[in-house]
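Trainee: Got a structure for you, written out below as structure tokens; questions coming shortly.
2 protein chains.
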Amino acid sequence: MIYVPSRMGQLNRRALLRRLQKLGIASRAELAKSLGMSQPTAGKIVDELIAADVLEEVDMAETSVGETSLRGRPGRKLRLNHSKSRLLAIQLGLQSTTVTPLALGIPDVDEWQCQFSLAPNESESARVWENQLRAAAKKIGREDFLGALVSVPGVLDEQANRILFSPNLHWTEKSDLAQIVRRVWKLPVLLVQEERALALGHHLANPDCEDFLLVDFGEGVGGAIIVDGKPFANPLPISGEIGHTPVLGNSRKCGCGATGCMETLVSLRGLLESFSTATRGKKNTWPQLREHISEKGIEPWLASSLDAAATAIAGALNVLGLRRVFVTGSLTELPPAVMAHLSQAIESGSMWAKFGRVECVAAPRRRTAGLIAMGIDRLIVPDSDTKSFSLQKIASRNQA
Amino acid sequence: MIYVPSRMGQLNRRALLRRLQKLGIASRAELAKSLGMSQPTAGKIVDELIAADVLEEVDMAETSVGETSLRGRPGRKLRLNHSKSRLLAIQLGLQSTTVTPLALGIPDVDEWQCQFSLAPNESESARVWENQLRAAAKKIGREDFLGALVSVPGVLDEQANRILFSPNLHWTEKSDLAQIVRRVWKLPVLLVQEERALALGHHLANPDCEDFLLVDFGEGVGGAIIVDGKPFANPLPISGEIGHTPVLGNSRKCGCGATGCMETLVSLRGLLESFSTATRGKKNTWPQLREHISEKGIEPWLASSLDAAATAIAGALNVLGLRRVFVTGSLTELPPAVMAHLSQAIESGSMWAKFGRVECVAAPRRRTAGLIAMGIDRLIVPDSDTKSFSLQKIASRNQA
DNA sequence: TCATTTAATTAAGAAAACTACGGAAGTGCT
DNA sequence: AGCACTTCCGTAGTTTTCTTAATTAAATGA
Chain E
1 MIYVPSRMGQ
11 LNRRALLRRL
21 QKLGIASRAE
31 LAKSLGMSQP
41 TAGKIVDELI
51 AADVLEEVDM
61 AETSVGETSL
71 RGRPGRKLRL
81 NHSKSRLLAI
91 QLGLQSTTVT
101 PLALGIPDVD
111 EWQCQFSLAP
121 NESESARVWE
131 NQLRAAAKKI
141 GREDFLGALV
151 SVPGVLDEQA
161 NRILFSPNLH
171 WTEKSDLAQI
181 VRRVWKLPVL
191 LVQEERALAL
201 GHHLANPDCE
211 DFLLVDFGEG
221 VGGAIIVDGK
231 PFANPLPISG
241 EIGHTPVLGN
251 SRKCGCGATG
261 CMETLVSLRG
271 LLESFSTATR
281 GKKNTWPQLR
291 EHISEKGIEP
301 WLASSLDAAA
311 TAIAGALNVL
321 GLRRVFVTGS
331 LTELPPAVMA
341 HLSQAIESGS
351 MWAKFGRVEC
361 VAAPRRRTAG
371 LIAMGIDRLI
381 VPDSDTKSFS
391 LQKIASRNQA
Chain L
401 MIYVPSRMGQ
411 LNRRALLRRL
421 QKLGIASRAE
431 LAKSLGMSQP
441 TAGKIVDELI
451 AADVLEEVDM
461 AETSVGETSL
471 RGRPGRKLRL
481 NHSKSRLLAI
491 QLGLQSTTVT
501 PLALGIPDVD
511 EWQCQFSLAP
521 NESESARVWE
531 NQLRAAAKKI
541 GREDFLGALV
551 SVPGVLDEQA
561 NRILFSPNLH
571 WTEKSDLAQI
581 VRRVWKLPVL
591 LVQEERALAL
601 GHHLANPDCE
611 DFLLVDFGEG
621 VGGAIIVDGK
631 PFANPLPISG
641 EIGHTPVLGN
651 SRKCGCGATG
661 CMETLVSLRG
671 LLESFSTATR
681 GKKNTWPQLR
691 EHISEKGIEP
701 WLASSLDAAA
711 TAIAGALNVL
721 GLRRVFVTGS
731 LTELPPAVMA
741 HLSQAIESGS
751 MWAKFGRVEC
761 VAAPRRRTAG
771 LIAMGIDRLI
781 VPDSDTKSFS
791 LQKIASRNQA
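Chains as they are written, first to last, in the working numbering: chain E, 1 to 400; chain L, 401 to 800.
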């Protein structure tokens, strides 16, 4: 059954759900007080969300929370429905695709129920992929999902739900991925840019961090921005493309077509290329690199690459007015000296370091959490796109 | 008389006023249709705003607008009140301070009624400044202003209405400028960061441009960002600090305390320094530079400085997902080849250029327009900071 | 057991939007 | 000029949604 937002004001519903995400667990009364809305309003919204299996009441016996004020009738605590799979998550990666059903609770680690590989350069990739999805669909079975969320790499047009540019998975540019998934599951489908999913996931798992830049090092270098607890977006279907910041004096060709992009230096391949050159071709694998660094420390060739990344990141921090960077991916697997160097270089280039502290720390990739966050935001309490608020009109429109 | 927002929902009022800013002139019916709200609602809001002297009806005889649908009763057109000074604008510059009353209509060029200079290194700058303001107050007389808007350089904490850091006007860091102005005029006072005012002004004058980066070249290099027609902001009192993006290989000391900031290369002083070096000290003035460039074109020393600026700008565009840059200030006074080079360099580093066009054009400084935009946004239709929307509560709170 | 305190629900009322309708103010045709 | 037609704007009454106030529920501690 698809969740149909009934007439209650969406803004309050969104606000309440966001707040609950932040608090993790809370009672109706706590939510009402914390949002400044009346108890009856909060109560009604909660009732609706429970009826729609979005929230669930928690038996307080099982959870040991000391937060409760000791006197008076204890509140019935609420949380995101942890016990029922409401979303279908699909991750499209370079080598493999994974699929899993998800409840709305925040998973500690990413776990995928199905995994299958797509041979690269397959002539009919889209068709093959669809068949693999069908197999996964059989395995997973029919639950009443609210929608499917697909994490995809590349440049994504969220409005049109289409991939504009994907240097490593060119076939996705021509196929309508959302359409394919919809054919298999007959659900609302939302494509989510990979890095943005990571950033959202980090935010959902660390709700106190409301403003940060996440930079993911892998095949390329991608970024995503959370401002005010929301993903930063704008009309252009591009954002956080920090890996393609030009680096003066760098002449490597990038997959994007340009020359000198920062990611040609610090992506997996970029680092290995520099490593190979520095060792005169003797060593060129990732484990060798790791070992090499832990023995020799940060050599000049590596320092200059890291500095290039730090420059781009510091520039982004200055322009965005942020003070926190979370780093995920390959760089976090190298000896800690690497992150230390990067962190130090970012700090020296960042304006905010003159007033306060700039943080740059490693973090795990939380893709499924990000997809959940997106699902809640876009499927469960959708934002009626209308910028002008005629609340009642919007409500009635949604009802239809 | 101070404008007290009465009970009508603020969101709709904001939306309506924004739309009218965008349209310039429109009737109640046009506004209602364009916003998707009902005519009675739009009518009521308009009536309120007229009563508060924020809007005025325009005699259609005088304006020749062909837009009107030819049949039916013609609507009574509305626009921002152009005939009455509602705001007091103050511009705090390095050499001089200027003051002027402003109506809400968008001025074509900045005009300031009073101007006075503050000798640098004055021991009691704050006190002297206050006295100068008092003189200006006498000259301007007592109109019923809604508030005062002060354009200030440096790093501004908008929340606290205080200057955190101002490398060229250190005395402003210690004094409470808002308090000083309030002592002179007894009005609500709003400090506005200089570059942000420029960006807002550009937006108000060109309402179709809803997303852009503005870069101002002068004593330093400052930037400001408009996303979705609104100034981009976040918790940190810093943003758009594009001039302090580190440039690899640049070892000039910056006023901010760091080394290698981009603005040490392309600020007025930075350019002249490079110019002087390139001509072995023979030439070092701005007119000489202008002439030199128009004779010799873009020499390598200049090209590399411009490329550094372009790199920072392109990086910002990629991260923010923007495709438009407006450049104001000194760079626009140089021969057109300079802007052409910059524009070209930005394009080659920007991701969006691979999908569509990236624009980089010169624009005039529209500071007063920016202050008006800020005044409308923050004084006339203030945004109740509350993020959770309990519309009625907010309304009653404002009433009190 | 009962007063106290806090939570949740119910009922009644108010705010701000909406729809529907009617008069006003134009154009264009006869 | 008169009349049909169209569009604008305001009034009146309705609907939606939130609020406050009152009530019931569920705990603690004397």
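Just so it is clear, CB atoms sit at the ideal spot from N, CA and C, and this is done for glycine as well.
With DSSP as the reference, label P631(L) as helix, strand or coil.
Mentor: For this step, residue 631(L) is matched to residue 231 along the second sequence. Correct three-state label for P631(L): strand.
Trainee: For R28(E) versus E56(E), is the C-beta spacing smaller than 8 Å?
Mentor: Taking the first sequence and counting its residues from 1, the one referred to as residue 28(E) is at position 28. Taking the first sequence and counting its residues from 1, the one referred to as residue 56(E) is at position 56. Their beta carbons are not under 8 Å apart, which means R28(E) does not touch E56(E) by this criterion.
Trainee: By DSSP, does L204(E) sit in helix, in strand, or in coil?
Mentor: Within the first sequence, the letter at position 204 stands for residue 204(E). Helix.
Trainee: Contact criterion: CB-CB distance below 8 Å. Does G321(E) meet it with respect to chain L?
Mentor: Here residue 321(E) is taken as the residue at index 321 of the first sequence, counted from 1. By this cut-off, G321(E) is an interface position.
Trainee: Taking the alpha helix (DSSP H) that P336(E) falls in, what are its first and last residues?
Mentor: If you number the first sequence from 1, residue 336(E) lands on position 336. Where P336(E) is concerned, the enclosing alpha helix (DSSP H) stretches over 336-349.
Trainee: Quick check: the region 510-526 of chain L against the region 569-588 of chain L, are there 3 or more CB pairs under 8 Å?
Mentor: When Cβ pairs closer than 8 Å are counted between the two stretches, the region 510-526 of chain L is seen to touch the region 569-588 of chain L, the count reaching three or more.
Trainee: Hey, could you find the ends of the alpha helix (DSSP H) Q366(L) is sitting in?
Mentor: No information on residue 366(L) is available, as it lies outside the stretch 401 to 800 that chain L covers here.
Trainee: Out of V54(E), R19(E), L379(E), R367(E), point me to the one whose CA is closest to G201(E)'s CA.
Mentor: If you number the first sequence from 1, residue 201(E) lands on position 201. That would be R367(E), whose Cα lies nearest to the Cα of G201(E).
Trainee: How many Å lie between A197(E) and H244(E) at the Cα?
Mentor: In the first sequence, residue 197(E) corresponds to position 197, counting from 1. In the first sequence, residue 244(E) corresponds to position 244, counting from 1. Inter-residue distance for A197(E) and H244(E) is about 19 Å (C-alpha atoms, whole angstroms).
Trainee: Can you tell me which of P764(L), P631(L), P700(L) puts its alpha carbon nearest to the alpha carbon of L320(E)?
Mentor: Working through the first sequence from its first residue, we reach residue 320(E) at position 320. Closest option to L320(E), Cα to Cα, is P631(L).
Trainee: Can you find the residues in the same chain that come closer than 8 Å, C-beta to C-beta, to L306(E), ignoring five residues on each side of it along the sequence?
Mentor: As a working mapping, residue 306(E) is identified with position 306 in the first sequence. Excluding positions up to five away in sequence, the list reads V266, I298, V338, H341, L342, A345.
Trainee: Taking only beta-carbon positions, decide if E347(E) is within less than 8 Å of chain L.
Mentor: Sequence index remark: in the first sequence, residue 347(E) carries index 347 (1-based). It does not; no Cβ of chain L falls within 8 Å.
Trainee: Starting from I380(E), find everything on chain L with Cβ-Cβ shorter than 8 Å and list it in chain order.
Mentor: Residue numbering aside, residue 380(E) sits at position 380 when the first sequence is read from its first letter. Chain L residues near I380(E): none, gap ~17 Å exceeds 8 Å.
Trainee: Indicate the three-state DSSP secondary structure (helix, strand or coil) for V358(E) in the structure shown.
Mentor: Taking the first sequence and counting its residues from 1, the one referred to as residue 358(E) is at position 358. V358(E): coil per DSSP, three-state reduction.
Trainee: Suppose you measure from the CA of I106(E) to the CA of V181(E); what does that come to, to the nearest Å?
Mentor: Here residue 106(E) refers to the residue found at position 106 when the first sequence is read from its first residue. Here residue 181(E) refers to the residue found at position 181 when the first sequence is read from its first residue. Straight-line Cα distance between these residues: approximately 24 Å.
Trainee: Just to confirm, is the Cβ distance from V155(E) to P74(E) under 8 Å?
Mentor: One-based indexing of the first sequence puts residue 155(E) at position 155. One-based indexing of the first sequence puts residue 74(E) at position 74. Taking 8 Å as the Cβ cut-off, V155(E) and P74(E) do not qualify as a contacting pair.
Trainee: Contact criterion: CB-CB distance below 8 Å. Does I490(L) meet it with respect to chain E?
Mentor: Taking the second sequence and counting its residues from 1, the one referred to as residue 490(L) is at position 90. Not an interface residue.
Trainee: Could you tell me which residues DSSP puts in a beta bridge with G329(E)?
Mentor: One-based indexing of the first sequence puts residue 329(E) at position 329. Per the DSSP secondary-structure output, G329(E) pairs in a beta bridge with F217(E).
Trainee: Counting along the chain, where does the alpha helix (DSSP H) carrying A536(L) start and finish?
Mentor: Mapped onto the second sequence, residue 536(L) falls at position 136. That run of the alpha helix (DSSP H) goes 525-540.
Trainee: Restricting to runs no shorter than 4 residues, where is the alpha helix (DSSP H) found entirely within the region 632-683 of chain L?
Mentor: Runs of the alpha helix (DSSP H) inside the region 632-683 of chain L: 663-666, 668-678.
Trainee: Of all Cβ atoms in chain L, is any one closer than 8 Å to the Cβ of G406(E)?
Mentor: Here chain E covers residues 1 to 400 and nothing more, so residue 406(E) does not appear.
Trainee: Between C654(L) and chain E, is there a C-beta pair that is closer than 8 Å?
Mentor: Locating residue 654(L) in the second sequence gives position 254, where the first residue counts as 1. Cβ-Cβ to chain E under 8 Å: no for C654(L).
Trainee: Taking W752(L) as the query, report the chain E residues whose CB atoms sit under 7 Å from its CB, ordered along the chain.
Mentor: Indexing the second sequence from 1 puts residue 752(L) at position 352. The contacting residues are L236, I238.
Trainee: At 3 residues or longer, what runs of the beta strand (DSSP E) sit wholly inside the region 37-110 of chain E?
Mentor: 55-57, 77-80, 87-92, 96-102
Trainee: One question on the structure: do N284(E) and E641(L) come within less than 8 Å of each other, judged by their Cβ atoms?
Mentor: Numbered from 1 along the first sequence, position 284 holds the residue referred to as residue 284(E). Numbered from 1 along the second sequence, position 241 holds the residue referred to as residue 641(L). No, the Cβ-Cβ distance between N284(E) and E641(L) is not below 8 Å.
Trainee: Mind listing the chain E neighbours of G623(L)? Cutoff is C-beta to C-beta under 8 Å, in chain order.
Mentor: The sequence position of residue 623(L) within the second sequence is 223, counting from 1. Within chain E, the residues near G623(L) are V319.
Trainee: Taking contact to mean 3 or more Cβ pairs, one atom from each stretch, closer than 8 Å, check whether the region 85-97 of chain E and the region 107-117 of chain E are in contact.
Mentor: yes
Trainee: Starting from the beta carbon of I242(E), find every residue of chain L whose beta carbon is closer than 9 Å, and list them in chain order.
Mentor: Within the first sequence, the letter at position 242 stands for residue 242(E). The contacting residues are G715, N718, V719.
Trainee: Count the other CB atoms within 10 Å of the CB of S694(L); is the residue buried (16 or more) or exposed (fewer)?
Mentor: Taking the second sequence and counting its residues from 1, the one referred to as residue 694(L) is at position 294. With fewer than 16 other Cβ atoms within 10 Å, it is exposed.
Trainee: Name the chain E residues that come within less than 9 Å of G649(L), Cβ to Cβ?
Mentor: Translated into the one-based positions of the second sequence, residue 649(L) becomes position 249. Residues of chain E passing the Cβ test: L248, G249.
Trainee: By the three-class DSSP mapping on this structure, what secondary structure does G715(L) have?
Mentor: One-based indexing of the second sequence puts residue 715(L) at position 315. Correct three-state label for G715(L): helix.
Trainee: By the three-class DSSP mapping on this structure, what secondary structure does L598(L) have?
Mentor: The sequence position of residue 598(L) within the second sequence is 198, counting from 1. Correct three-state label for L598(L): helix.
Trainee: Could you check which residue in M351(E), F355(E), S350(E), L331(E) has the C-alpha nearest to that of V361(E)?
Mentor: Here residue 361(E) corresponds to residue number 361 of the first sequence, with the count starting at 1. Per the Cα distances, L331(E).
Trainee: Answer with buried or exposed for P336(E), where buried requires no fewer than 16 other C-beta atoms within 10 angstroms of its C-beta.
Mentor: Position 336 of the first sequence, counting from 1, holds the residue named residue 336(E). The residue in question, P336(E), is exposed, as its Cβ has fewer than 16 Cβ neighbours within 10 Å.
Trainee: For the alpha helix (DSSP H) containing V184(E), list its first residue and its last residue.
Mentor: By one-based count along the first sequence, residue 184(E) stands at place 184. Judged by DSSP secondary structure, V184(E) falls within the alpha helix (DSSP H) whose first and last residues are 177-185.
Trainee: Name the one or two DSSP bridge partners that L191(E) has.
Mentor: As a working note, residue 191(E) is residue 191 in the first sequence. Note: L191(E) sits in a beta bridge opposite V150(E).
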